[in-house]
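*Asks:*
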Amino acid sequence: MWWGTGFTEWTNVTKAKPLYKGHYQPNLPADLGFYDLRVPEIRAAQAELAKEHGIEGFAYWHYWLGSGKRLLERPFEEVLTTGEPNFPFCLGWANHSWTGVWFGAPDKTLVEQTYPGWEDHEEHFYYLLRAFSDHRYITVEGKPLFLIFRPLEIPDVKEVVEFWRKLAHKEGLNGLHLVAGGLDLEKAIKLGFDASSYSHHRLVDQLLPKNKLLKKLVNKYRAVLKKPATYTYQEAMPYFLKAGKAPLNEYPSIVPNWDSTPRCQERGVVLYNSTPELFRKHFREALDKVADKPFENRILFAKSWNEWAEGNYLEPDQRFGKAYLEAIKEEIFTGD
Numbered sequence: 001m002w003w004g005t006g007f008t009e010w011t012n013v014t015k016a017k018p019l020y021k022g023h024y025q026p027n028l029p030a031d032l033g034f035y036d037l038r039v040p041e042i043r044a045a046q047a048e049l050a051k052e053h054g055i056e057g058f059a060y061w062h063y064w065l066g067s068g069k070r071l072l073e074r075p076f077e078e079v080l081t082t083g084e085p086n087f088p089f090c091l092g093w094a095n096h097s098w099t100g101v102w103f104g105a106p107d108k109t110l111v112e113q114t115y116p117g118w119e120d121h122e123e124h125f126y127y128l129l130r131a132f133s134d135h136r137y138i139t140v141e142g143k144p145l146f147l148i149f150r151p152l153e154i155p156d157v158k159e160v161v162e163f164w165r166k167l168a169h170k171e172g173l174n175g176l177h178l179v180a181g182g183l184d185l186e187k188a189i190k191l192g193f194d195a196s197s198y199s200h201h202r203l204v205d206q207l208l209p210k211n212k213l214l215k216k217l218v219n220k221y222r223a224v225l226k227k228p229a230t231y232t233y234q235e236a237m238p239y240f241l242k243a244g245k246a247p248l249n250e251y252p253s254i255v256p257n258w259d260s261t262p263r264c265q266e267r268g269v270v271l272y273n274s275t276p277e278l279f280r281k282h283f284r285e286a287l288d289k290v291a292d293k294p295f296e297n298r299i300l301f302a303k304s305w306n307e308w309a310e311g312n313y314l315e316p317d318q319r320f321g322k323a324y325l326e327a328i329k330e331e332i333f334t335g336d
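Under full-length UniProt numbering, the first residue of the sequence shown is numbered 1, with each subsequent residue one higher.
#1: Measuring straight from C-alpha to C-alpha, what distance separates Ser197 and Ala323?
#2: DSSP three-state label for Glu73, please.
#3: I need the straight-line Cα distance from Gly6 to Tyr35, nearest angstrom please.
#4: So, with DSSP's three-state summary, where would you put Asp288?
#5: Starting from the C-beta of Val160, find all residues in its chain whose C-beta is less than 7 Å away, skip the five residues before and the five after it, and write them out in chain order.
#6: Smallest Cα separation from Met237: which of Ser260, His282, Gly268?
#7: DSSP three-state call for Glu250: helix, strand or coil?
#8: Please check the pair Glu123 and Gly68, which I expect to be a contact at CB under 8 Å, by giving their CB distance rounded to whole angstroms.
#9: If you follow the beta strand (DSSP E) that Val269 is in, where does it begin and where does it stop?
#10: Per DSSP, which one or two residues make a beta bridge with Tyr198?
#11: Give the single residue among Pro18, Leu28, Tyr24 whose Cα lies nearest to the Cα of Trp10.
#12: What's the gap between the Cα of Ile42 and the Cα of Leu32?
#13: Does Pro252 pass the burial test, meaning 16 or more other C-beta atoms within 10 Å, or should it be called exposed?
#14: Just the Cα atoms here: how many angstroms apart are Ser260 and Ala309?
#15: Should the region 47 to 61 be called in touch with the region 285 to 298, which here means at least 3 C-beta pairs below 8 Å?
#16: Tell me the start and end of each unbroken alpha helix (DSSP H) in the region 90 to 120 that is at least 4 residues and wholly inside, in chain order.
#17: Determine the DSSP secondary structure at Lys245, reduced to helix, strand or coil.
#18: Assuming Ile55 and Ile254 are in contact, meaning their beta carbons sit under 8 Å apart, how far apart are those beta carbons, in whole angstroms?
#19: Identify whether Thr8 lies in helix, strand or coil by the three-state DSSP scheme.
#20: Sort Val79, Thr230, Ala229 by Cα distance to Ala44 and report the nearest one.
#21: Quick test of your reading: Lys143 and Gly117, contact by CB under 8 Å. State the CB separation rounded to the nearest angstrom.
#22: From Phe193 to Asn312, what distance separates their C-alpha atoms?
#23: Would you kindly report the start and end of the unbroken alpha helix (DSSP H) that includes Tyr324?
#24: Just tell me which of Val290, Pro75, Leu19 has its CA closest to the CA of Arg38.
#25: Among the candidates Thr8, Glu330, Ala131, whose CA atom is the shortest distance from the CA of His62?
#26: Let me check understanding here. Comparing Cα to Cα, which of Arg280, Lys293, Ile332, Val270 lies closest to Gln25?
#27: Just how far apart, CA to CA, sit Asp107 and His23?
#28: Output needed for Glu285: all residues of its chain with C-beta closer than 7 Å, excluding positions within five of it in sequence on either side, in chain order.
#29: Given this structure, state the Cα-to-Cα distance separating Trp305 from Leu314, to the nearest angstrom.
#30: Counting along the chain, where does the beta strand (DSSP E) carrying Leu64 start and finish?
#31: Where are the alpha helix (DSSP H) runs, 4 residues long or more, that stay fully inside the region 119 to 186, in chain order?
#32: Grab me the residues of Phe333's own chain with a C-beta within less than 8 Å of its C-beta, minus the 5 sequence neighbours each way, in chain order.
#33: By Cβ distance, which residues of its chain are closer than 8 Å to residue 339, with the 5 residues on each side in sequence left out?
#34: What does Phe301 pair with, by DSSP beta-bridge criteria?
#35: What does DSSP give as the partner residue(s) for Asp317 in the beta ladder?
#36: Anyone know if the C-beta pair for Leu147 and Val111 falls short of 7 Å?
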């Protein structure tokens, strides 16, 4: 493979070093250790940990790069074929090319995301059908929930969405509940989606100066000094969630932390001084956004459960233990 024998995401996690004074690195796992997702006992332990703390299902990223090419499919394939763990799940299509960002070559394309045409869309649907038909699959109004990471990059996406719906009905499903990632709900609906989900991806643009020239100078300054973009978690919090209650089919994301320097080095983004207490406040606000919805639409995505190389995870670590998960559990079950 591109990274050499023995490389895993843990390679970047463990070799991460502070890039400036006060930079906390490396972030290392606690209870689950440096696990291998091919091991069924690990997947069972993850599901049990999530369930114990009020998390109701996992959204697995799914890589379909065109012409049937898949990546990182083995863990979920085993979840599907073995029936274990018996824990709800859904899929999200991470439809983006893979680059060399993992080893410091972000401009190098390792494998390109392609969209060969209608035969490939049909093949893709029938690959997904096994998952959609599983009793554990998360549904909204009886329809399997499927998220697309970058909907605007799919040629003729509105027609593709309609094509998949027809195939779903043909195969006896009630339809599909399709969620557009990173789009406003109104735009998502116009493209034929049922719902949208958003996270903090535009955060950096919000916190950088609005003046284009000044923004360019700030970025140039960081590049020269080889310093990542850094913001306090607290100053970033207002941008995690939109104002007011979330519309029926808009699903916010919660952000526990973020530090992508293990993967991106000086090109990374760091939200520092995240604490379980600040995250609890953020999570409480997110719960309030969806509290008045019908149960099936009361959806929050966590960004993320275990994206360790981006410092973006809920799993226990050596710094805070289970404190982030405990905050979720306490807010859900007691509101304390």
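Don't be surprised by glycine CBs; every beta carbon is placed ideally from N, CA and C.
*Replies:* Taking the definition as stated:
#1: For this step, residue 197 is matched to residue 197 along the sequence shown. For this step, residue 323 is matched to residue 323 along the sequence shown. Rounded to whole angstroms, Ser197 to Ala323 spans 26 Å at the Cα level.
#2: The residue you call residue 73 lines up with position 73 of the sequence shown. If DSSP states are grouped into helix, strand and coil, Glu73 belongs with coil.
#3: The residue you call residue 6 lines up with position 6 of the sequence shown. The residue you call residue 35 lines up with position 35 of the sequence shown. Taking C-alpha positions only, Gly6 is separated from Tyr35 by approximately 14 Å.
#4: As a first step, residue 288 is located in the sequence shown; it is residue number 288 there, counting from the start. The answer is helix: DSSP assigns Asp288 an H, G or I state.
#5: For the purposes of this step, residue 160 is identified with residue 160 of the sequence shown, where counting begins at 1. If we look at Val160 and ignore the five residues flanking it on each side, its Cβ neighbours are His121, Ile154.
#6: Taking the first residue of the sequence shown as 1, we reach residue 237 at position 237. The residue with the shortest Cα to Cα distance from Met237 is His282.
#7: Counting from one through the sequence shown, the residue named residue 250 turns up at place 250. Glu250 falls in the strand class under three-state DSSP.
#8: Working through the sequence shown from its first residue, we reach residue 123 at position 123. Working through the sequence shown from its first residue, we reach residue 68 at position 68. That belief holds up - the Cβ atoms of Glu123 and Gly68 are roughly 6 Å apart, short of 8 Å.
#9: Within the sequence shown, the letter at position 269 stands for residue 269. For Val269, the enclosing beta strand (DSSP E) has its first and last residue at 269 to 272.
#10: The sequence position of residue 198 within the sequence shown is 198, counting from 1. Under DSSP, Tyr198 takes part in a beta bridge, and its partners are Pro252.
#11: Here the question's residue 10 lines up with position 10 in the sequence shown. That would be Leu28, whose Cα lies nearest to the Cα of Trp10.
#12: Here residue 42 corresponds to residue number 42 of the sequence shown, with the count starting at 1. Here residue 32 corresponds to residue number 32 of the sequence shown, with the count starting at 1. Cα-Cα distance, rounded: 7 Å.
#13: As a working mapping, residue 252 is identified with position 252 in the sequence shown. By the 10 Å Cβ count, Pro252 comes out buried.
#14: Position 260 of the sequence shown, counted from the start, is the residue given in the question as residue 260. Position 309 of the sequence shown, counted from the start, is the residue given in the question as residue 309. Near 6 Å, if we compare the C-alpha coordinates of Ala309 and Ser260.
#15: Result no; under three Cβ-Cβ pairs closer than 8 Å.
#16: If we require 4 residues or more, the region 90 to 120 turns out to have no alpha helix (DSSP H) run fully inside it.
#17: For this step, residue 245 is matched to residue 245 along the sequence shown. Coil at Lys245, not helix or strand.
#18: Reading the sequence shown from its first residue, position 55 is the one you call residue 55. Reading the sequence shown from its first residue, position 254 is the one you call residue 254. Not confirmed; about 11 Å, so no contact.
#19: What you label residue 8 is simply residue 8 of the sequence shown in a count that begins at 1. Three-state result, Thr8: coil.
#20: To locate residue 44, count along the sequence shown from 1; it is residue 44. From the listed residues Val79, Thr230, Ala229, the smallest Cα separation to Ala44 is found for Val79.
#21: The residue you call residue 143 lines up with position 143 of the sequence shown. The residue you call residue 117 lines up with position 117 of the sequence shown. So it is not a contact: roughly 26 Å between Cβ atoms.
#22: Against the sequence shown, residue 193 aligns to sequence position 193. Against the sequence shown, residue 312 aligns to sequence position 312. Computed Cα separation, rounded: 27 Å.
#23: Here the question's residue 324 lines up with position 324 in the sequence shown. Unbroken alpha helix (DSSP H) run through Tyr324: 323 to 333.
#24: Within the sequence shown, the letter at position 38 stands for residue 38. The closest CA to that of Arg38, considering only Val290, Pro75, Leu19, is found on Pro75.
#25: Counting from 1 along the sequence shown, the entry for residue 62 is found at position 62. Looking at the Cα atoms, Ala131 is the closest of the given residues.
#26: For this step, residue 25 is matched to residue 25 along the sequence shown. Distances from the CA of Gln25 to each of Arg280, Lys293, Ile332, Val270 were compared; the closest alpha carbon is that of Val270.
#27: On the sequence shown, position 107 is the one that residue 107 refers to. On the sequence shown, position 23 is the one that residue 23 refers to. Roughly 26 Å separates the two Cα atoms.
#28: Position 285 of the sequence shown, counted from the start, is the residue given in the question as residue 285. Once the five neighbours on either side are set aside, the close Cβ partners of Glu285 are Leu241.
#29: Here residue 305 refers to the residue found at position 305 of the sequence shown. Here residue 314 refers to the residue found at position 314 of the sequence shown. Between Trp305 and Leu314, the C-alpha separation is close to 5 Å.
#30: Position 64 of the sequence shown, counted from the first residue, corresponds to residue 64. Correcting the residue type first, residue 64 is Trp in the shown sequence and not Leu. 58 to 64 is the extent of the beta strand (DSSP E) around Trp64.
#31: Correct list: 157 to 170.
#32: Taking the sequence shown and counting its residues from 1, the one referred to as residue 333 is at position 333. Beyond the five residues adjoining it in sequence on each side, Phe333 comes within less than 8 Å, by CB distance, of Gly54 in the same chain, given in chain order.
#33: The structure shown has nothing for residue 339, since the chain only spans 1 to 336.
#34: Here residue 301 is taken as the residue at index 301 of the sequence shown, counted from 1. Note: Phe301 sits in a beta bridge opposite Ser253.
#35: As a first step, residue 317 is located in the sequence shown; it is residue number 317 there, counting from the start. According to DSSP, Asp317 bridges with Pro29, Gly321.
#36: If you number the sequence shown from 1, residue 147 lands on position 147. If you number the sequence shown from 1, residue 111 lands on position 111. No; because the gap between Cβ atoms is not below 7 Å, this pair is not in contact.
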